[in-house]
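Be aware that the sequence shown starts at 295, since it is given in this note's numbering, and climbs by one per residue.
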Amino acid sequence: EEAEPLVVRYREAAMVQSVAKGGFCYAAVHSLYASARLHEAHGKPEEATKEVRALLALIRENRATVQEMAVSFRAFMEQASVDLNVLDPETGDDELIDVWVDELTRLRGV
Numbered sequence: 295e296e297a298e299p300l301v302v303r304y305r306e307a308a309m310v311q312s313v314a315k316g317g318f319c320y321a322a323v324h325s326l327y328a329s330a331r332l333h334e335a336h337g338k339p340e341e342a343t344k345e346v347r348a349l350l351a352l353i354r355e356n357r358a359t360v361q362e363m364a365v366s367f368r369a370f371m372e373q374a375s376v377d378l379n380v381l382d383p384e385t386g387d388d389e390l391i392d393v394w395v396d397e398l399t400r401l402r403g404v
């Protein structure tokens, strides 16, 4: 009986840690997205592309966290696909768009 509260506390601590990590990752992704939009607004598509590449790298590095928050990340990526010119199939970087679509497809499958 005494061990059970320890297990419960461990699980609660692990859950809090997971949520905190997910929140940090989500905030960092949004920061990179905002930076990309700012670069686009100032006519710097190369810088916007760098920010989107960094965003994708962050998502890949934190795949488990992203999977836990798949609904939020999917909604974010779908909106970013509309908002960012560097992700526009007619004007954007084809390689970047392919990687973006792969990540989005992976999230849709969760």
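Cβ atoms here follow ideal geometry from the backbone N, Cα and C, with glycine treated the same way.
- Straight-line measurement puts the Cα of residue 342 at about 9 Å from the Cα of residue 378.
- Counting only residues of its own chain and dropping the five nearest sequence neighbours on each side, residue 331 has no CB closer than 6 Å to any other CB.
- The shortest C-alpha to C-alpha distance from residue 387 to any of 372, 353, 344, 352 is the one to 344.
- Judged by DSSP in its simplified three-state form, residue 356 adopts coil rather than helix or strand.
- Taking the Cα positions, residue 396 is about 17 Å away from residue 359.
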